Amino acid sequence: MVVLARSKAMNGMYEAKTTEAIAVKEGILLARERGINHVIIESDSLLVVQVVNTNLNMGELGASIQGIIGLLRAFGSWNLKHMKREYNRATHELAQIAKAAEAT
1 MVVLARSKAM NGMYEAKTTE AIAVKEGILL ARERGINHVI IESDSLLVVQ
51 VVNTNLNMGE LGASIQGIIG LLRAFGSWNL KHMKREYNRA THELAQIAKA
101 AEAT
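Residue 103 in UniProt numbering sits at position 103 of the sequence shown; the count goes up by one each step and never skips.
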């Protein structure tokens, strides 16, 4: 098993759902960069997980979601799971590190 994480400061202001979609996409890109062929991605955004897993049209998020789905198709297998925020402490800590780095 390989566990990967990335933190990244983003310029601009985004709605929470947009930020979550960007985070999922960044995770997928990181796995691809590392040559991983089978991925399990966890997100605390139930909305993003449901929209990707059901391939629904999501209006303003539509292009981001279609981009995520297109990236996932390149993997041998993938699974996008919802994880409650309180159980995903590592993600929260990485976000705080990125936020602190941006402030300095």
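The C-beta atom is built at its ideal place from N, Cα and C for all residues, glycine as well. What you are looking at is a predicted structure, and each value in this text was computed from that prediction instead of being measured.
- Collapsing the DSSP output to three states places V3 in coil.
- The beta carbon of S64 sits closer than 6 Å to those of A21, all from its chain and outside the five residues before and after it, given in chain order.
- Counting C-beta pairs with one atom in each stretch, the segment 72-90 and the segment 28-45 have three or more that are closer than 8 Å, which means they touch.
- The beta carbon of E26 sits closer than 7 Å to those of R6, K8, all from its chain and outside the five residues before and after it, given in chain order.
- Just so you know, the alpha carbons of R73 and L29 end up roughly 12 Å apart.
- Rounded to the nearest whole angstrom, the CA to CA distance from G76 to V39 is 8 Å.
- Bridge pairing for N79: I40 [DSSP].
- Just so you know, the alpha carbons of L4 and L47 end up roughly 22 Å apart.
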